[in-house]
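Under the numbering used here, read the sequence shown as residues 253 to 617, first letter to last.
Read through the structure below, which is laid out as structure tokens, and then see the notes.
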Amino acid sequence: MNESFMRRALELAAGARGKTSPNPLVGAVLVRAGKVVGEGYHRKAGTPHAEIHAMRQAKGKTDGSELYITLEPCCHYGRTPPCTDSIIQSKVKKVVIGMRDPNPMVAGKGIRRLRRSGIEVITGVLQNECRKLNEEFVKYITTKTPFVTLKVASSLDGRIAASSGQAQWITNEKARRRVHEMRDRADALLVGINTILMDDPSLTVRWRGKEFPGPLKVIVDSRLRIPGNSKVLSRKKRNRVVLATTSSAPASKIRKLEQRGVEVLILKTRKNRVDLKHLLKELGKKEIMSLLVEGGSTLNGNLLEARIPDKLVFFFSGKIIGGTEGYPSVKGKGAKFMADAVQLSQLNMTKMGDNVMIEGYPQYP
253 MNESFMRRAL
263 ELAAGARGKT
273 SPNPLVGAVL
283 VRAGKVVGEG
293 YHRKAGTPHA
303 EIHAMRQAKG
313 KTDGSELYIT
323 LEPCCHYGRT
333 PPCTDSIIQS
343 KVKKVVIGMR
353 DPNPMVAGKG
363 IRRLRRSGIE
373 VITGVLQNEC
383 RKLNEEFVKY
393 ITTKTPFVTL
403 KVASSLDGRI
413 AASSGQAQWI
423 TNEKARRRVH
433 EMRDRADALL
443 VGINTILMDD
453 PSLTVRWRGK
463 EFPGPLKVIV
473 DSRLRIPGNS
483 KVLSRKKRNR
493 VVLATTSSAP
503 ASKIRKLEQR
513 GVEVLILKTR
523 KNRVDLKHLL
533 KELGKKEIMS
543 LLVEGGSTLN
553 GNLLEARIPD
563 KLVFFFSGKI
573 IGGTEGYPSV
583 KGKGAKFMAD
593 AVQLSQLNMT
603 KMGDNVMIEG
613 YPQYP
């Protein structure tokens, strides 16, 4: 029964994907005498938490009930009051928790507070599923840097564009739709200047026949080569744009871009390029919890060499481009020996018509 109700809580929590940042996804189910009397999930930062929604829905039927919640209840004042106080006041008799909150301000304190009040607390129910649901939050709250997902769309032989530079369309419509779902759920989207110069993308979210501005756009442009008429800078698209550059960028161009509402970050350099780890720290300060990378060969290689991506998502089409002039999915120094290669774990494969999506977590040598 614990797992059954926890699965329902997970289902509820997942319904708010892409909406709660920088807060976690949380679902709650309130059960009394074996029957569900209240359900809820956290919908947006600054609004009531999942357990509060569930108790409100129960309409007073909380005395002697059991609360199933995917994440340890908070016990501190943040954007909202402590949930532990409300749980205690509602006279819930048992709380079943999926995982402890990795937030140092909570980290077991909520559980101890409930137990001291006489409430039975069970922890670790479907813990792996709960951690997977909130992998972005876990990384962000413990490191203050975003969880980085590197996405690549390539031919079967690992090319992201033909020798002419043309990349549209390597993958099919189903795969492209999934990418737009990923964009919609991310806090920010990262590309390199070469992608802007070659493809001139809008980087918007297209969903069900409509176009939306989508997440914050972050462009790595060490020498600030971006053309002023780039689609991503269009006011009509209402894009929010951050340009990550270095001190070598022309001051006059910085001023012009800032006058257009573009934020320019002057970052440290590494090998005469933007220091990507410094960029992550700055994005963390902006409460960017999840970062989706849709870069080209160079940016992909630089990120992997710096051991930055937390997750890789590859979309493979059934096409073979061949030749020696095409664009590989990853450039850079590469592995000299097989022992130096990046190994993916927890592989998951999803078939999308004549395309395949492969997800995994990098294990760096």
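Think of the CB as a built atom: it goes at the ideal place given N, C-alpha and C, for glycine as much as any other residue.
Being a predicted model, the structure only gives us computed values, none of them experimental.
{"Check": "Three CB pairs or more closer than 8 Å across the stretch 358-374 and the stretch 518-530", "Outcome": "no"}
{"Check": "Status (buried if at least 16 other CB within 10 Å, exposed otherwise) for Gly461", "Outcome": "exposed"}
{"Check": "6 Å Cβ shell around Thr602 - same chain, five flanking residues per side excluded", "Outcome": "Met609"}
{"Check": "Whether Lys583 touches Ile422 by CB criterion (8 Å)", "Outcome": "no"}
{"Check": "Met258 versus Glu303: straight-line alpha-carbon distance, rounded", "Outcome": "13 Å"}
{"Check": "DSSP state of Ser256 mapped onto helix, strand, coil", "Outcome": "helix"}
{"Check": "C-alpha distance - Ile448 paired with Thr272, whole-angstrom precision", "Outcome": "29 Å"}
{"Check": "Other residues of its chain near Gly536: CB distance less than 8 Å, five sequence neighbours each side excluded", "Outcome": "Tyr392, Thr395, Lys396, Thr397, Pro398"}
{"Check": "Length of the line joining the Cα atoms of Thr576 and Glu539", "Outcome": "42 Å"}
{"Check": "Ala503 classed as buried or exposed, judged by whether at least 16 other C-beta atoms fall within 10 angstroms", "Outcome": "exposed"}
{"Check": "Under the three-state DSSP convention, the category Arg365 falls into", "Outcome": "helix"}
{"Check": "Cβ-based burial, Ser549 [other Cβ within 10 Å; buried from 16]", "Outcome": "buried"}
{"Check": "Residue ranges of each beta strand (DSSP E) within the stretch 576-608, 3 or longer", "Outcome": "595-604"}
{"Check": "Runs of alpha helix (DSSP H) lying entirely within the stretch 285-336, each at least 4 residues, in chain order", "Outcome": "302-310"}
{"Check": "Alpha-carbon spacing of Asn554 relative to Glu433, whole angstroms", "Outcome": "25 Å"}
{"Check": "Residues of its chain near Gln627, where Cβ-Cβ distance is below 7 Å and the 5 sequence neighbours each way are ignored", "Outcome": "Absent from the model: residue 627. The displayed extent of the chain is 253 to 617, so no value can be given."}
{"Check": "Collapsed DSSP secondary structure at Met541 in the structure displayed", "Outcome": "coil"}
{"Check": "Identity of the residue in Val400, Leu543, Gly286, Leu468 nearest Glu515 by Cα", "Outcome": "Leu468"}
{"Check": "Leu282 vs Leu323 beta-carbon contact at 8 Å", "Outcome": "no"}
{"Check": "Close Cβ partners of Gln615 (< 6 Å) along its chain, the five nearest in sequence each way excluded", "Outcome": "Gln595, Ser597"}
{"Check": "Given Ala285 as reference, the closest of Leu262, Lys313, Glu263, Ala268 once Cα atoms are compared", "Outcome": "Lys313"}
{"Check": "CA-to-CA distance, His305 to Glu557, given in whole angstroms", "Outcome": "44 Å"}
{"Check": "Rounded separation between Ser569 and Lys585 - CA only", "Outcome": "26 Å"}
{"Check": "Neighbour-count burial assignment, Arg487, 16 or more Cβ in a 10 Å radius", "Outcome": "exposed"}
{"Check": "Cβ pair Asp326, His301 closer than 8 Å", "Outcome": "Per the sequence shown, the amino acid found at residue 326 is Cys instead of Asp. Yes. Within cutoff."}
{"Check": "Residues that Lys406 bridges to, as DSSP identifies them", "Outcome": "For the sequence presented, residue 406 should be read as Ser rather than Lys. According to DSSP, Ser406 bridges with Phe568."}
{"Check": "Extent of the continuous alpha helix (DSSP H) to which Gly553 belongs", "Outcome": "549-557"}
{"Check": "Candidates Asp439, Glu463, Arg411, of which the one nearest Ile573 by Cα", "Outcome": "Arg411"}
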